[in-house]
Amino acid sequence: MKINKRLKAICDLVPENSKVIDIGADHALVDIYLNKIKNCDCLATDISPNAIKRAKINIDKNEANVKTKVIDGLPELKDEIIIISGMGAKTMLKILHSQITNDLILSPNNNVHLVRKAMRKKGYHIEKELLVKENHYYVITYYKFGKHKRTDDIVSPFLKNNIPYMRKLLNYYQIKSINERKLLQKLKYKHIVKKIKRTIQ
Ligand SMILES: C[S@@+](CC[C@H](N)C(=O)[O-])C[C@H]1O[C@@H](n2cnc3c(N)ncnc32)[C@H](O)[C@@H]1O
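Just so it is clear: in the sequence shown, position 69 is 87 by the working numbering, and no numbers are missing.
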C-alpha cells in the first residue's frame, strides 16, 4: 500500500500490533496502513461526518479493518497510542486540553514550539522525533508521559550546538548544509528560535 512520506513517517513511529486512535483522521490512510501492514487495531475519528464518509470509502476499498467515529476531540481512552497530525497547534492543544497519560504521536502544521511547551508542562517527554520533507518540512514527535533521560529530539542538538550529533542528523535527513540558521529557516523555525530556546532546556 502506497502512502506519502509524511504519513509513512507517522506510521514508522507506531510499533506493530498497537492499539491506535487517530484524531482528525480525515482520509484514514494512516489507520488503513497501520491495520494492513502493522496489524494495528485502529479507531479513526473526525469531527466532520463528511471526512468519516471518505474514510469509510477508503477503508472498504482497501479491505481494512478500521473502526470509525464522528466525534469532536478525544473519545473515551484506555491505553491506546493517540495520533494527531495535519492540523494547527492550537486546534491540537484544544483537543488535548484534559490531562491524559497515553503515548502521543503529534505533528502540528504550525507552531511546533507551542505543542512542545504544552506537552512538557503536562509532564510528557520526547521519546523520538522525525523530520520529513514533503514540500514543507514536517516534525513528527512521539511523546511519552513521565520523565526520561534519553530523547531523540531533532531540534535540541542544533540549539545546543552539538556538532557531532548535528552532523549525524543532517546525514540522516540528507540535508547537506550544517548551517543551523539555514536549517531552522527550512523548518520555518526562524521566527520562533527564541521561543524554542526558552521551551527546550
Ligand atoms: C487536514 S486533516 C488531517 C488529516 C490527517 N490526520 C493527516 O495528517 O493527513 C485535519 C482533520 O482534522 C479534523 N478536525 C479538526 N478539528 C477536530 C476536532 N476538534 N476533533 C476531531 N477532528 C478534528 C478535520 O475535520 C480534518 O478532517
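We treat Cβ as the ideally placed atom computed from N, Cα and C, and that holds for glycine.
Suppose contacts are defined by Cβ-Cβ distances below 7 Å. Is Tyr156 in contact with Ser125 by that definition? Yes, the Cβ-Cβ distance between Tyr156 and Ser125 is below 7 Å.
Count Cβ pairs between the region 77 to 92 and the region 46 to 61 that sit closer than 8 Å; are there 3 or more? Put simply, the region 77 to 92 touches the region 46 to 61. At least three CB pairs are less than 8 Å apart.
Determine the extent of the beta strand (DSSP E) in which Lys37 is found, giving its start and end residues. 37 to 41 is the extent of the beta strand (DSSP E) around Lys37.
Using the C-alpha atoms, what's the distance from Val130 back to Asp59? The alpha-carbon of Asp59 is positioned some 28 Å away from that of Val130.
State the Cα-Cα distance for the pair Val133 and Lys146, rounded to the nearest angstrom. Distance from the CA of Val133 to the CA of Lys146, rounded to the nearest whole angstrom, comes to 15 Å.
Buried or exposed by the 16-neighbour rule on C-beta atoms within 10 Å, applied to Ser195: Annotation note: pLDDT 48 at Ser195 (below 50); position unreliable, no value reported.
In chain order, which continuous runs of the beta strand (DSSP E) of length 3 or greater are located wholly inside the region 61 to 101? Within the region 61 to 101, complete beta strand (DSSP E) segments of at least 3 residues are found at 84 to 88, given in chain order.
Any chance the CB of Gly141 is under 6 Å from a heavy atom of ligand 1? Gly141: no, Cβ never under 6 Å from ligand 1.
Please tell me whether, using a cut-off of 6 Å, the distance from the CB of Ala255 to the nearest non-hydrogen atom of ligand 1 is below it. The chain is shown from 19 up to 219; residue 255 falls before or after that span and cannot be answered.
Taking 6 Å as the line, does the beta carbon of Met105 fall inside it for any heavy atom of ligand 1? Checking the Cβ of Met105 against ligand 1 gives yes.
Could you have a look at Leu114 and say whether DSSP puts it in helix, strand or coil? DSSP, reduced to helix, strand and coil, places Leu114 outside both helices and strands of the structure shown, so it counts as coil.
Put Thr109 into one of helix, strand or coil per three-state DSSP. Under the three-state reduction of DSSP, Thr109 is assigned to helix.
Reducing DSSP to helix, strand and coil, say where Asp59 ends up. Three-state result, Asp59: strand.
Just how far apart, CA to CA, sit Pro93 and Gly104? Answer to the nearest angstrom: the Cα atoms are 19 Å apart.
Counted within 10 angstroms of its Cβ, other Cβ atoms place Asn53 as buried (16 or more) or exposed: The residue in question, Asn53, is buried, as its Cβ has 16 or more Cβ neighbours within 10 Å.
Please state whether DSSP places Ile158 in a helix, a strand or coil. In the structure shown, Ile158 sits in a strand (DSSP, three-state: E or B).
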